[in-house]
Amino acid sequence: MERGRLTRSRMIYSRLIGALFLLGFLSYGIGSGLVTSLVGGSNFLSAVAASQTLLLVGAFLMFLNTGVDLGKGILFFPILEKHSKRTALAYLTTMIVEVVLLDVGVLTLLMIVPLAKHAGEAGAQTIGSVLVQSNAMAYQMGEMTLGVGAVVLCVLLFRTRLIPRWLAISGLIGYPILVTGTIAEIFGIHIGLYLTIPGFFFELVLPFWLFFKGFQPEAYRGLAVNNRSLQEA
Numbered sequence: 010m011e012r013g014r015l016t017r018s019r020m021i022y023s024r025l026i027g028a029l030f031l032l033g034f035l036s037y038g039i040g041s042g043l044v045t046s047l048v049g050g051s052n053f054l055s056a057v058a059a060s061q062t063l064l065l066v067g068a069f070l071m072f073l074n075t076g077v078d079l080g081k082g083i084l085f086f087p088i089l090e091k092h093s094k095r096t097a098l099a100y101l102t103t104m105i106v107e108v109v110l111l112d113v114g115v116l117t118l119l120m121i122v123p124l125a126k127h128a129g130e131a132g133a134q135t136i137g138s139v140l141v142q143s144n145a146m147a148y149q150m151g152e153m154t155l156g157v158g159a160v161v162l163c164v165l166l167f168r169t170r171l172i173p174r175w176l177a178i179s180g181l182i183g184y185p186i187l188v189t190g191t192i193a194e195i196f197g198i199h200i201g202l203y204l205t206i207p208g209f210f211f212e213l214v215l216p217f218w219l220f221f222k223g224f225q226p227e228a229y230r231g232l233a234v235n236n237r238s239l240q241e242a
């Protein structure tokens, strides 16, 4: 009975974290897509003035990512703390910094709504472009922070075998590449889109693994997997 209770607890945590990974990916991705459909053109202030509800919906979905990423950090904390409190705190901290940066970016986008009412005035388009670029910069800085935190997370996942090592390795490879891409974007080298693909592989595969398999039971309970292997040998 105790083993069954532990299994249910493990799977509940696993599926909640997996759901948050997917929800964050979808909410920010869809929201960003809606916003970009308006501000991606040359005369975007007029487009926003005509369809400001679309921008507001997109911004709301992007804001939703705030709760999602904080939720990931909070749910991960008690699991990671069993193995390294420092890692648990580091990951939670990077999640907080990331969402603050992303939210600053979304707030700059919302400033376009009142600005769009003055689309025909001199300088309005230039100010709007600065706001759009500010969001892009905040996004890259947020993703860079996320990448650093995710590397720390994947190191612990690899060491403890909370998930299969091949999956942790994919994160250890993908996230440094993602960080490199964000730095390149910040300096005006537009290759970040391609360099996000390896990191997104981890973020797409991990949720499904957590849904169907969950965290490795022994590692979740804080038992030393390596010690068990030695005993079996």
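The opening residue of the sequence shown carries number 10 in my numbering; numbering runs sequentially from there. All C-beta atoms, glycine included, are put in the ideal place defined by N, C-alpha and C.
C-alpha distance - G38 paired with L63, whole-angstrom precision: 14 Å
Below 8 Å, can you find three or more Cβ-Cβ pairs linking the stretch 206 to 220 to the stretch 29 to 49? yes
Tell me which residues share the same chain as V48 and place their Cβ nearer than 8 Å to its Cβ, disregarding the 5 neighbours each side in the sequence. A56, V57, L64, L118, I121, G137 and V141
What would DSSP say about P87, mapped onto helix, strand or coil? helix
If I measure Cβ to Cβ from L84 and keep anything under 8 Å in the same chain, skipping five residues before and after, which residues do I get? Y22, L25, I26 and L29
Can you tell which of Q61, V157 and L116 has its C-alpha closest to the C-alpha of T96? V157
Can you give me the C-alpha to C-alpha distance between G223 and L165, rounded to a whole angstrom? 16 Å
Can you list, in chain order, the residues of its chain with a C-beta nearer than 7 Å to that of A233? Leave out the 5 residues immediately preceding and following it. Any reading at A233 needs caution, since the residue's pLDDT is 45, under 50, leaving its predicted position unreliable; the model's value is listed next. Contacts found: none.
Would DSSP call M120 helix, strand or coil? Coil at M120, not helix or strand.
Run through DSSP, which three-state label would S143 get? helix
V113 versus T103: straight-line alpha-carbon distance, rounded: Distance from the CA atom of V113 to the CA atom of T103, rounded to whole angstroms, is 15 Å.
I need the DSSP call for N52, collapsed to helix, strand or coil. coil
Would you mind stating whether G190 and V160 have Cβ atoms separated by less than 9 Å? no
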